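Protein sequences, first through last, are from chains A and B. Just so you know, the first sequence maps onto residues 6 to 575 in this note's numbering. Just so you know, the second sequence maps onto residues 3 to 288 in this note's numbering. We treat Cβ as the ideally placed atom computed from N, Cα and C, and that holds for glycine. Fair warning: this is a prediction, and the values are worked out from it, not measured in the lab.
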Amino acid sequence: MKKLLFLFKGLIISLSLIITPNLFSQGILGGKVTGNFQMDVQVSKEDSVIGAEKVNEKILNNAFGNILYTNGDFSAGMRFEAYLNPILGFDPEYKGAGIAYRFASYKKDNFEFTLGNFYEQFGNGLIFRSYEERNLGLDNAMDGIRVIARPIEGITLKAVIGKQRKYWEKIWESDNYGLIRGIDAEVSLNSIIKPMQTKALQLSLGGSFVSVYQKASPKYITSTDGSLYIMKIPENIGSAAARFNLNYKKWNLNAEYAYKGQDPNAVNGYIYAPGNALYLSGGYSQRGLGISLSAKRIDNMSFKSNRDETGNMLNVNYLPSLTRQHAYSLFAMYPYATQVNGEMGLALDIMYKIKKDTWLGGKYGTDVKLNVSRVNSIAKDYVTPISTGSYQGTLGYESNLLSLGDDIYFQEINLELGKKVNKGLKLNIMYSHQTFNPIAFGHEGDEFVYANIFALDATQKLGKNSLRGELQWLLTEQNYGDWAKGDWLQATLEYNIKGNWFVALTDQWNYGNMYEEKVHYYNLACGYNKGTNRVSLSYGKQRSGIICIGGVCRPVPASNGLFMTITSSF
Amino acid sequence: MIKIMKNLFYILVGLLFFSCENYTESERIEKVPYITNLTTPITNRESKQRVLLEDYTGWKCVNCPRAAAKAKELISKYNTSLVVMAVHSTRFATPNAMNNNVDFRTEYGEKWAKDFGCNALPTGLINRIKFGSIYTVGDGSWDSEIQNQLNSLEHVMDIHLGRDYREEENNIILSVEAEFLQGIAYPTNISVVMVESGIIGVQLNSLSEYGPTPKIDDFEFEHVLRKKGIIDYPLSSESISSGTKIAKNYLLEIDNDVQDISKCSIIVFVSNALTNQIINVNEIHL
Numbered sequence: 006m007k008k009l010l011f012l013f014k015g016l017i018i019s020l021s022l023i024i025t026p027n028l029f030s031q032g033i034l035g036g037k038v039t040g041n042f043q044m045d046v047q048v049s050k051e052d053s054v055i056g057a058e059k060v061n062e063k064i065l066n067n068a069f070g071n072i073l074y075t076n077g078d079f080s081a082g083m084r085f086e087a088y089l090n091p092i093l094g095f096d097p098e099y100k101g102a103g104i105a106y107r108f109a110s111y112k113k114d115n116f117e118f119t120l121g122n123f124y125e126q127f128g129n130g131l132i133f134r135s136y137e138e139r140n141l142g143l144d145n146a147m148d149g150i151r152v153i154a155r156p157i158e159g160i161t162l163k164a165v166i167g168k169q170r171k172y173w174e175k176i177w178e179s180d181n182y183g184l185i186r187g188i189d190a191e192v193s194l195n196s197i198i199k200p201m202q203t204k205a206l207q208l209s210l211g212g213s214f215v216s217v218y219q220k221a222s223p224k225y226i227t228s229t230d231g232s233l234y235i236m237k238i239p240e241n242i243g244s245a246a247a248r249f250n251l252n253y254k255k256w257n258l259n260a261e262y263a264y265k266g267q268d269p270n271a272v273n274g275y276i277y278a279p280g281n282a283l284y285l286s287g288g289y290s291q292r293g294l295g296i297s298l299s300a301k302r303i304d305n306m307s308f309k310s311n312r313d314e315t316g317n318m319l320n321v322n323y324l325p326s327l328t329r330q331h332a333y334s335l336f337a338m339y340p341y342a343t344q345v346n347g348e349m350g351l352a353l354d355i356m357y358k359i360k361k362d363t364w365l366g367g368k369y370g371t372d373v374k375l376n377v378s379r380v381n382s383i384a385k386d387y388v389t390p391i392s393t394g395s396y397q398g399t400l401g402y403e404s405n406l407l408s409l410g411d412d413i414y415f416q417e418i419n420l421e422l423g424k425k426v427n428k429g430l431k432l433n434i435m436y437s438h439q440t441f442n443p444i445a446f447g448h449e450g451d452e453f454v455y456a457n458i459f460a461l462d463a464t465q466k467l468g469k470n471s472l473r474g475e476l477q478w479l480l481t482e483q484n485y486g487d488w489a490k491g492d493w494l495q496a497t498l499e500y501n502i503k504g505n506w507f508v509a510l511t512d513q514w515n516y517g518n519m520y521e522e523k524v525h526y527y528n529l530a531c532g533y534n535k536g537t538n539r540v541s542l543s544y545g546k547q548r549s550g551i552i553c554i555g556g557v558c559r560p561v562p563a564s565n566g567l568f569m570t571i572t573s574s575f
Numbered sequence: 003m004i005k006i007m008k009n010l011f012y013i014l015v016g017l018l019f020f021s022c023e024n025y026t027e028s029e030r031i032e033k034v035p036y037i038t039n040l041t042t043p044i045t046n047r048e049s050k051q052r053v054l055l056e057d058y059t060g061w062k063c064v065n066c067p068r069a070a071a072k073a074k075e076l077i078s079k080y081n082t083s084l085v086v087m088a089v090h091s092t093r094f095a096t097p098n099a100m101n102n103n104v105d106f107r108t109e110y111g112e113k114w115a116k117d118f119g120c121n122a123l124p125t126g127l128i129n130r131i132k133f134g135s136i137y138t139v140g141d142g143s144w145d146s147e148i149q150n151q152l153n154s155l156e157h158v159m160d161i162h163l164g165r166d167y168r169e170e171e172n173n174i175i176l177s178v179e180a181e182f183l184q185g186i187a188y189p190t191n192i193s194v195v196m197v198e199s200g201i202i203g204v205q206l207n208s209l210s211e212y213g214p215t216p217k218i219d220d221f222e223f224e225h226v227l228r229k230k231g232i233i234d235y236p237l238s239s240e241s242i243s244s245g246t247k248i249a250k251n252y253l254l255e256i257d258n259d260v261q262d263i264s265k266c267s268i269i270v271f272v273s274n275a276l277t278n279q280i281i282n283v284n285e286i287h288l
């Protein structure tokens, strides 16, 4: 323990001395260099009780550093990544180190050119989104060329061509990685139509088109009588989307419709049904009140640059999630994963601030947040399968744009109250009722989980320091498997010193587990911030589970040991 | 507003139709004609691990007679443990008036040459094993590599064959029995090709010990791959257990270019569908 403390102290001092803004953010050839760095180090030991597997390497490490050089309209950058070896839960395919991202970009007149890697999104991402989500181990950065043109104010045109990153694979040496071509146009009518410039109604229109070319290799289907069939696979998969965004005083409305041509792939079971998606989001906001209503429908919209790929890699598009992204860990125990083959959902968010100096508002007012969401399957009329005994090679099914399916995938109601009690004390109380279909974990047909979850979070200022206590309680009748383990209780105590140091103790207790040991997942964490540097160290147990961000999920295995994170930027 | 959006949408839909492929119901799948219910008795049944040598060659390749002679020598040495297939491909095999426009190229042979990096001839593949980052093996190393493979290859399966040449229909019924001696955890493909020996033709040559230079007018081409073939058809899916036998019957059309059917044989090889490595091979003469 002494050695660990010594190491920890040394790291902080080294970082503080070495990484200072003055040293790095200075001009080089008239330009400016900025960047950031993160390193995660994990030491985990075998623990049969929680299912933590032995780590042969003893120490696991994920690290990356971005360096960005900017000089006027020119910029260039790179990201070095090292997974030596990847921490638990990250795909072992990441093992290795190297420059994963590099680019050069410049602007000239109304044009902007990017060569190399880039991230980009058309509209809401329904047909194209290239992005990185480090917590999911997801990076589908494009490698190619991007041109952005702004011919007149209010019009933005984008064109992209390239291939997507997949771990460290040599994407340009294989036909397994499709070539993505896309264009996008966005027009702000208020900018280009003079009479509209002074109107309260703000309207912009957009449209995009994306096509993926992937060479097809023969795909065979064996019928029930032993006959062999060969499928004709489309090599060019096209998709188009149209959208608008409307703002009028306190109101706003955003809509996008996308269509994808025939794309038999591993996710949809190699059927030829075209895909489509509709996303609608409307809202109203005024001082003290915000209301937002969102709806979406997805039908066969898995769009990847390799038709045989499953999982999170090589996604060409992104299908936004309507469900709430929870910060409290027990609330996120049953997260929702977007069902790309078909789902229909609705979400309502209401935020209201009860005025101060009222009976409910008290001296400082009270924040009330209500969130309701529900996601169902879509109705599908399946075609008659051919003699192969499967839907492969057929249209698969037909589905009406407004037809709702009978299966509930996910439903939740969240109520949250935030209240400042006095100058030093802040309270946050939250309740959630969740209905969870294990289809999100790929377990179609398993018993639903119904959970009631509560949280009480209090922060008390103590001069320049603060003390935070958090209590979470999850109650569920379901107690049958890996993810349905009955009731949980979690308590956290965190002490912050002058905004620089923190120490936190957490215990997540599965006291309702009927079939296994009632494990205490304890965790002791401490950390230090100075400027843009942060070092944190934790020791304890991590339960296995699933982490989902924006409806995209990855499993996280159990671990028991030490975890250290260093982040810095300059 | 709606009009503008509609127009924009129509433009994009127009683009969509230009840049994507759509198949009608009748176009989506078609029955593979090579599979048949007709059978013929299995006559070639021997449990043996064999090696396939693919000799990538061409009539314009001046050193290829040397490689052909090496292949002949190796057949004598390894007997039925070695199966040889001469793949005439690349620019070295393009016909012209000098060779009387005789074209030994095949569509799939060209594809293999490209896929496996057979650009500089002569060269060869031995069971399509990747050596480091390349598949190709020069003819000077064929003997030692074949020996290595015969010594080290795991005998996973056998291919038993039977054939019935039907002169009137101009086709051959081929019955295949794939017998797995060990369980495997990968999918496999099967390929059926025909080769012909004893074809006399023009071959360029730079080495006097293999014939007249710069051209041999009566070179005897052996094991020439013919145009009709059944390439990389699925044999087994994800995994297969020890003791499994898979029976398949194929109908192979006879190439119009075949000169003497009695000098032809059918080569059947089974490969790992993920790595292309050949697991075993067998040959049956007509």
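Host alpha helix (DSSP H) of residue i (start-end)
i: residue 553/A; result: Note, residue 553/A: premise wrong, no alpha helix (DSSP H); beta strand (DSSP E) at 550–554.
i: residue 111/B; result: 109–117
i: residue 379/A; result: Residue 379/A -> not in any alpha helix (DSSP H); beta strand (DSSP E) instead, spanning 371–383.
i: residue 365/A; result: Element bounds for residue 365/A: n/a, residue is neither H nor E.
i: residue 67/B; result: 66–80
i: residue 406/A; result: First-last for residue 406/A: undefined, no H or E at that position.
i: residue 30/B; result: 27–30
Where residue i falls, given that 16 or more other Cβ within 10 Å makes a residue buried
i: residue 87/B; result: buried
i: residue 566/A; result: buried
i: residue 50/B; result: exposed
i: residue 291/A; result: exposed
i: residue 569/A; result: buried
i: residue 177/A; result: exposed
i: residue 154/B; result: exposed
i: residue 45/A; result: buried
i: residue 338/A; result: buried
i: residue 558/A; result: buried
i: residue 281/B; result: buried
i: residue 205/A; result: exposed
Presumed contact (8 Å Cβ cut-off) between residue i and residue j, rounded CB distance
i: residue 278/A; j: residue 401/A; result: 4 Å
i: residue 410/A; j: residue 384/A; result: 5 Å
i: residue 456/A; j: residue 479/A; result: 6 Å
i: residue 260/A; j: residue 285/A; result: 5 Å
i: residue 248/B; j: residue 38/B; result: Wrong, their Cβ atoms sit about 15 Å apart, outside the cutoff.
Residue i: first and last residue of the uninterrupted beta strand (DSSP E) it sits in
i: residue 514/A; result: 506–514
i: residue 145/B; result: No beta strand (DSSP E) contains residue 145/B, which is instead part of the alpha helix (DSSP H) from 144–154.
i: residue 266/B; result: 266–274
i: residue 478/A; result: 470–481
i: residue 222/B; result: 217–223
i: residue 318/A; result: That residue, residue 318/A, is in no beta strand (DSSP E); it is neither H nor E in DSSP.
i: residue 309/A; result: Here residue 309/A belongs to no beta strand (DSSP E), and DSSP marks it neither H nor E.
i: residue 108/A; result: 101–113
request  = Quick one: which unbroken alpha helix (DSSP H) runs of 4-plus residues sit fully inside the segment 172–204 of chain A? Chain order, please.
outcome  = 194–197
message = Which residues of the segment 218–237 of chain A have a Cβ closer than 8 Å to any Cβ of chain B? Give them in chain order.
response = Those residues of the segment 218–237 of chain A that come within reach of chain B (Cβ to Cβ, closer than 8 Å) are 223, 225, 226, 227, 231, 232, 233, 234, 235, 236, 237.
Against chain B: residues of the segment 263–283 of chain A by CB proximity under 9 Å = The residues in question are 264, 265, 266, 267, 268, 269, 277, 279.
query = Relative to chain B, which residues along the segment 466–496 of chain A have a C-beta separation below 7 Å, given in chain order?
reply = Within the segment 466–496 of chain A, no residue has a Cβ that lies closer than 7 Å to any Cβ of chain B.
inquiry  = For the segment 158–183 of chain B, list every residue whose C-beta sits within 7 Å of some C-beta in chain A, in sequence order.
reply    = none
query = What are the start and end residues of each continuous alpha helix (DSSP H) run of 4 or more residues lying completely inside the segment 246–285 of chain A, in chain order?
reply = Scanning the segment 246–285 of chain A from its first residue to its last, no whole alpha helix (DSSP H) run of 4-plus residues comes out.
query = Which residues, in order along the segment 104–130 of chain A, keep a beta-carbon less than 9 Å from a beta-carbon of chain B?
reply = none
ask   = What residues in the segment 22–35 of chain B bring their beta carbon closer than 8 Å to a beta carbon of chain A?
value = For the segment 22–35 of chain B, residues whose beta-carbon sits nearer than 8 Å to a beta-carbon of chain A comprise 22, 23, 24, 25, 27, 29, 30, 31, 32, 33, 34.
Residues from the segment 241–257 of chain A in contact with chain B, defined by Cβ distance under 8 Å = 241, 242, 243, 244, 245, 246, 247, 249
ask   = Of the residues that make up the segment 225–237 of chain B, which ones have a beta carbon closer than 8 Å to any beta carbon in chain A?
value = 234, 235, 236
ask   = In chain order, which beta strand (DSSP E) runs of at least 3 residues are fully inside the segment 404–473 of chain A?
value = 409–425, 430–441, 454–467
request  = Jot down the residue ranges of each uninterrupted beta strand (DSSP E) in the segment 152–190 of chain B, minimum 3 residues, whole runs only, in chain order.
outcome  = 159–168, 173–182
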